[in-house]
Every structure is written in structure tokens, then in C-alpha cells.
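Enquirer: Letter by letter, the sequence shown follows residues 1150 to 1461 in the working numbering.
Below is the structure I would like to discuss, written out as C-alpha cells.
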Amino acid sequence: MRIALTGATGTVGGQVARLLAPRYDLSCLTRSPERAAARLPGPGLTVETDLDDISSLTRALAGADALLAVTFDPLRDTHDEHLLTAARRAGVRHVVKVSALAVADPGAQDAITRWQRACEERVRASGLSWTLLRPRAFMSNCLDWTRSVREEGVVRTLHGSSANSCVDPRDVAAAAARALTSPACAGRAYALTGPAPLSARQQAAQLAEVLGRPVRHEELTEAEALARWRARYPDALAAALLESADRQARGAKSAVDHGVREAIGREPGTFRAWARRHGAAFRTEEAEAVGNAVEKAAEKPPAVPVEAQTSA
Ligand SMILES: NC(=O)c1ccc[n+]([C@@H]2O[C@H](COP(=O)([O-])OP(=O)(O)OC[C@H]3O[C@@H](n4cnc5c(N)ncnc54)[C@H](OP(=O)(O)O)[C@@H]3O)[C@@H](O)[C@H]2O)c1
1150 MRIALTGATG TVGGQVARLL APRYDLSCLT RSPERAAARL PGPGLTVETD
1200 LDDISSLTRA LAGADALLAV TFDPLRDTHD EHLLTAARRA GVRHVVKVSA
1250 LAVADPGAQD AITRWQRACE ERVRASGLSW TLLRPRAFMS NCLDWTRSVR
1300 EEGVVRTLHG SSANSCVDPR DVAAAAARAL TSPACAGRAY ALTGPAPLSA
1350 RQQAAQLAEV LGRPVRHEEL TEAEALARWR ARYPDALAAA LLESADRQAR
1400 GAKSAVDHGV REAIGREPGT FRAWARRHGA AFRTEEAEAV GNAVEKAAEK
1450 PPAVPVEAQT SA
């Protein structure tokens, strides 16, 4: 069975590649095969492609039975359309789309969630067999805090007491690997959360326990949070992140779902376990660079970096 992966150098796709490489014929679509090679579990897995170029995508998908669709840019909705068109032309049968849990909340109308909803609609209308994965925020988003934790022992966020039932991206990857290889997952949408709602304050406290030193939380004002987002992202995304944070503050992201168990037959991983695996990144810069190269696209930020995609 041949499986094509987009986002294979990223957080979820990279772990899907490692899970499937031993048993399946993989084709990892990337803009930079050279950069990607260092992050993938074996040689000869990459195909140079551009999500803006349907011809290169169609060639890259030739012979693939299933496709992991991970796209990145909420301000451009053409990438999913291109991927699906190419998949149909290439004869791909099944597509697994990494979406976001916010799509299931009618109260979520921010630009990132509207983009994910539109992407899901395209998948459903594609004529291909599909599985939708809807994760809550990734635990790995906390890697944005590594420097302030290392240098100051501080985590700074807006609405630090509000909870999110964040999910270990390893569980999202495991669900994707199963959905790509098991017909039982076709036509299903999985809500992927962690085992418990956690606030940033609670995450900081758990990090402190794991690291064996104090980590305190400092609350950002709305203006401070917005200024930080505007420094990194276009205004439309900064506004979407603010809306999303407000929704979290109103309790919209705290419910725990059983999607991980349904998808992979085991309980979801805890934040404490995630923090133990990644503790080194919060201790030294070198450890962050080495230890997380495989779980976080570190060399070159994606078009829309990780934090911008946390509307879930
Ligand atoms: N982070 C969260 O909390 C969260 C929550 C819910 C849903 N999600 C969704 O989960 C999905 C996966 O996120 P992730 O964290 O695994 O991704 P990621 O680590 O941010 O992925 C980085 C990937 O982006 C690719 N990339 C960036 N721009 C590209 C472009 N223009 N064309 C082709 N590839 C491009 C890079 O591939 P190359 O450099 O190799 O080309 C790299 O593999 C996203 O759709 C996100 O919206 C995230």
C-alpha cells in the first residue's frame, strides 16, 4: 500500500511518517527534500512539491492509495482544493484530513475555524473516501514557551485560567496512521482531545514539577496578546486568535471527548507525560534544537506558524 503525506516534516505528519515507514510505501510531499530528509525516518521518501502547483501534486500522488492532507494557510483556501483535485486525478482512494475541533462549535466563527470548515466541506464533496480528524489544541504549542521558561521561569498568556482539553500530537498522529490504513475509519470524524481540561496556569505548574524548578504564569492583557500576535501574523489571523482565546475563556474548549480511544483503542496521553518527553527543550537551547527537530518544524517556520493554528 502506498501512502502520501503532506506536512511530513511537521509536528503531526512527521510522527505519522515514523509510525508508517516500517510497513508502508511512503511518499512525503515537501517543498524542500533536502531539509526534509534529515527529519524523516528513512532515505528516498521525499517528493518535491508545491501546494500551489496541481501538476506537481498530481505527479507526486501517482500510485498513492491514501493521502494525509495537512494544510497550513488560513488566508489561502486553494491548497486543499489543489490537493483534492490532484488526488482525484492521480487515483487516490482515501483522504485523511487534519482539521480542528472548533469546526464542530457553531459559536466558533473566527477566520481560522471558517477556513477549516470550508476545507472539511471540500473533502466531503470530493467524491473520495475520507476521514476527518478534529484535534483540540496541540500540547506541543507550549514549545512556544521554551525561551521564557528557560530564561525567566515564566509562561505568559492571555486568559491563563481558562481551560483547553489539549491533545498530545502523538495521539493525533496515531489516529492519522490508523485512518490511513484502516477502512473502518472511512466516513468518520474523530474529536481528538487530551484526557483533561488544563489551563496555561496548570500547565506551567506541571512544567515546574517536571523541571524541578519554579515556573510561574503571568497574565497578558488583551492589548499585549494582540500586539504579540500582530508582530508574528497578519492582522486577520491575530484577530482570529483573539476571538479564539475569548471563546476558550467562555469555557468552549474544556470538554473531553473519546475520539482518541475510538480511533486508536487506548486512552489519550497526559500533558505531564508530554512535558516529561520534552522537558529538555525547557532546560537548554541545545536540547530544544536537537530533541524537538522531529516534533517541531524548527529550521524554517511554516507559512503560518504553529501558534496561529490553535483556534481549536
Ligand atoms: N497546533 C494546533 O494546536 C492545532 C490544533 C488543531 C488543528 N491543527 C491543524 O493541524 C495541522 C497540522 O499542523 P502541524 O502542527 O502538524 O503542522 P506544522 O508542524 O506547522 O507543519 C509544518 C509543515 O508545513 C509545511 N508547509 C508550510 N507551508 C507550506 C506550503 N505553503 N506548502 C507546503 N507545505 C507547507 C512544511 O512542509 P515543508 O517545509 O516540508 O514543505 C511542514 O511540513 C494544521 O492544519 C493545523 O491547522 C493544529
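Cβ atoms here follow ideal geometry from the backbone N, Cα and C, with glycine treated the same way.
As the structure is a prediction and not an experimental result, all values here were calculated from the model.
With DSSP run on the structure shown, which of helix, strand or coil describes residue 1307?
Expert: Within the sequence shown, numbered from 1, the residue matching residue 1307 stands at position 158. Of the three classes helix, strand and coil, the one that applies to residue 1307 here is coil, per DSSP.
Enquirer: Residues in its own chain within less than 7 Å of residue 1162 by CB, not counting five upstream and five downstream?
Expert: In the sequence shown, counting from the first residue as 1, residue 1162 sits at position 13. Only 1154, 1155, 1156, 1217, 1219 meet the Cβ criterion.
Enquirer: Any heavy atom of ligand 1 closer than 7 Å to the Cβ of residue 1199?
Expert: Indexing the sequence shown from 1 puts residue 1199 at position 50. Residue 1199: yes, Cβ under 7 Å from ligand 1.
Enquirer: Kindly provide the ranges of any alpha helix (DSSP H) runs that are 4 or more residues long and lie completely inside the region 1169 to 1237, ordered along the chain.
Expert: Fully enclosed alpha helix (DSSP H) runs of 4 or longer: 1182 to 1186, 1203 to 1210.
Enquirer: Taking the continuous beta strand (DSSP E) assigned at residue 1330, which residues delimit it?
Expert: To locate residue 1330, count along the sequence shown from 1; it is residue 181. No beta strand (DSSP E) contains residue 1330, which is instead part of the alpha helix (DSSP H) from 1318 to 1330.
Enquirer: Give a single yes or no on whether residue 1313 has its beta carbon closer than 7 Å to a heavy atom of ligand 1.
Expert: On the sequence shown, position 164 is the one that residue 1313 refers to. Every heavy atom of ligand 1 is 7 Å or more from the Cβ of residue 1313, so no.
Enquirer: Since residue 1279 is in the beta strand (DSSP E), which residue starts that stretch and which ends it?
Expert: Along the sequence shown, read from residue 1 onward, the residue named residue 1279 stands at position 130. Here the beta strand (DSSP E) through residue 1279 covers 1278 to 1284.
Enquirer: Checking the sheet assignment: what are the DSSP bridge partners for residue 1287?
Expert: One-based indexing of the sequence shown puts residue 1287 at position 138. Note: residue 1287 sits in a beta bridge opposite 1316.
Enquirer: Which residue marks the beginning of the alpha helix (DSSP H) containing residue 1390, and which one marks its end?
Expert: Taking the first residue of the sequence shown as 1, we reach residue 1390 at position 241. Unbroken alpha helix (DSSP H) run through residue 1390: 1384 to 1398.
Enquirer: Taking all protein chains shown into account, decide if residue 1362 is buried (16 or more other Cβ within 10 angstroms of its Cβ) or exposed.
Expert: As a working note, residue 1362 is residue 213 in the sequence shown. By the 10 Å Cβ count, residue 1362 comes out exposed.
Enquirer: Under DSSP, the alpha helix (DSSP H) around residue 1374 begins and ends at which residues?
Expert: Mapped onto the sequence shown, residue 1374 falls at position 225. That run of the alpha helix (DSSP H) goes 1371 to 1381.
Enquirer: If you follow the alpha helix (DSSP H) that residue 1427 is part of, which residue opens it and which one closes it?
Expert: Walking along the sequence shown from the start, residue 1427 turns up at place 278. Counting along the chain, the alpha helix (DSSP H) containing residue 1427 begins and ends at 1420 to 1427.
Enquirer: Specify whether the region 1394 to 1410 and the region 1304 to 1324 touch according to this definition: at least 3 beta carbon pairs, one from each stretch, less than 8 Å apart.
Expert: Cβ pair count under 8 Å is three or more, so yes.
Enquirer: Is residue 1255 near ligand 1, judged by its Cβ being under 7 Å from some heavy atom?
Expert: By 1-based counting over the sequence shown, the position of residue 1255 is 106. The answer is no for residue 1255.
Enquirer: Which same chain residues end up closer than 6 Å to residue 1367 when comparing Cβ atoms and leaving out the 5 residues on each side of it in sequence?
Expert: In the sequence shown, the residue the question calls residue 1367 occupies position 218. Same-chain partners within the cutoff: 1303, 1305.
Enquirer: Any heavy atom of ligand 1 closer than 7 Å to the CB of residue 1226?
Expert: Sequence index remark: in the sequence shown, residue 1226 carries index 77 (1-based). Answer for residue 1226: no, Cβ out of range of ligand 1.
Enquirer: Classify residue 1242: buried if its beta carbon has 16 or more other beta carbons within 10 angstroms, exposed otherwise.
Expert: In the sequence shown, residue 1242 corresponds to position 93, counting from 1. Residue 1242 comes out exposed.
Enquirer: Determine, using beta carbons only, whether residue 1203 and residue 1231 come nearer to each other than 8 Å.
Expert: Here the question's residue 1203 lines up with position 54 in the sequence shown. Here the question's residue 1231 lines up with position 82 in the sequence shown. For residue 1203 and residue 1231, yes; Cβs fall inside 8 Å.
Enquirer: Sort 1351, 1321, 1171 by Cα distance to residue 1424 and report the nearest one.
Expert: Mapped onto the sequence shown, residue 1424 falls at position 275. Minimum Cα distance to residue 1424 is reached at 1351.
Enquirer: Tell me whether residue 1269 is buried or exposed, calling it buried when 16 or more other Cβ atoms sit within 10 Å of its Cβ.
Expert: Sequence index remark: in the sequence shown, residue 1269 carries index 120 (1-based). Counting Cβ neighbours within 10 Å, residue 1269 comes out buried, since at least 16 surround it.
Enquirer: How about residue 1162: is its Cβ closer than 7 Å to a heavy atom in ligand 1?
Expert: Here residue 1162 is taken as the residue at index 13 of the sequence shown, counted from 1. Checking the Cβ of residue 1162 against ligand 1 gives yes.
Enquirer: Under 8 Å Cβ to Cβ from residue 1286, same chain only, skipping five residues before and after it: list those, please.
Expert: Taking the sequence shown and counting its residues from 1, one reaches residue 1286 at position 137. Cβ within range, chain order: 1313, 1315, 1316, 1402, 1459, 1461.
Enquirer: Are residue 1211 and residue 1239 closer than 8 Å when you measure CB to CB?
Expert: The sequence position of residue 1211 within the sequence shown is 62, counting from 1. The sequence position of residue 1239 within the sequence shown is 90, counting from 1. Yes; because the gap between Cβ atoms is below 8 Å, this pair is in contact.
Enquirer: Can you tell me which of 1193, 1261, 1331, 1246 puts its alpha carbon nearest to the alpha carbon of residue 1341?
Expert: Counted from its first residue, the sequence shown places residue 1341 at position 192. The residue with the shortest Cα to Cα distance from residue 1341 is 1246.
Enquirer: Quick one: what's got a C-beta closer than 8 Å to residue 1152's C-beta in the same chain, skipping five residues either side?
Expert: Numbered from its first residue, the sequence shown carries residue 1152 at position 3. 1169, 1173, 1174, 1175, 1176, 1213, 1214, 1215, 1216, 1217, 1329, 1330, listed in sequence order.
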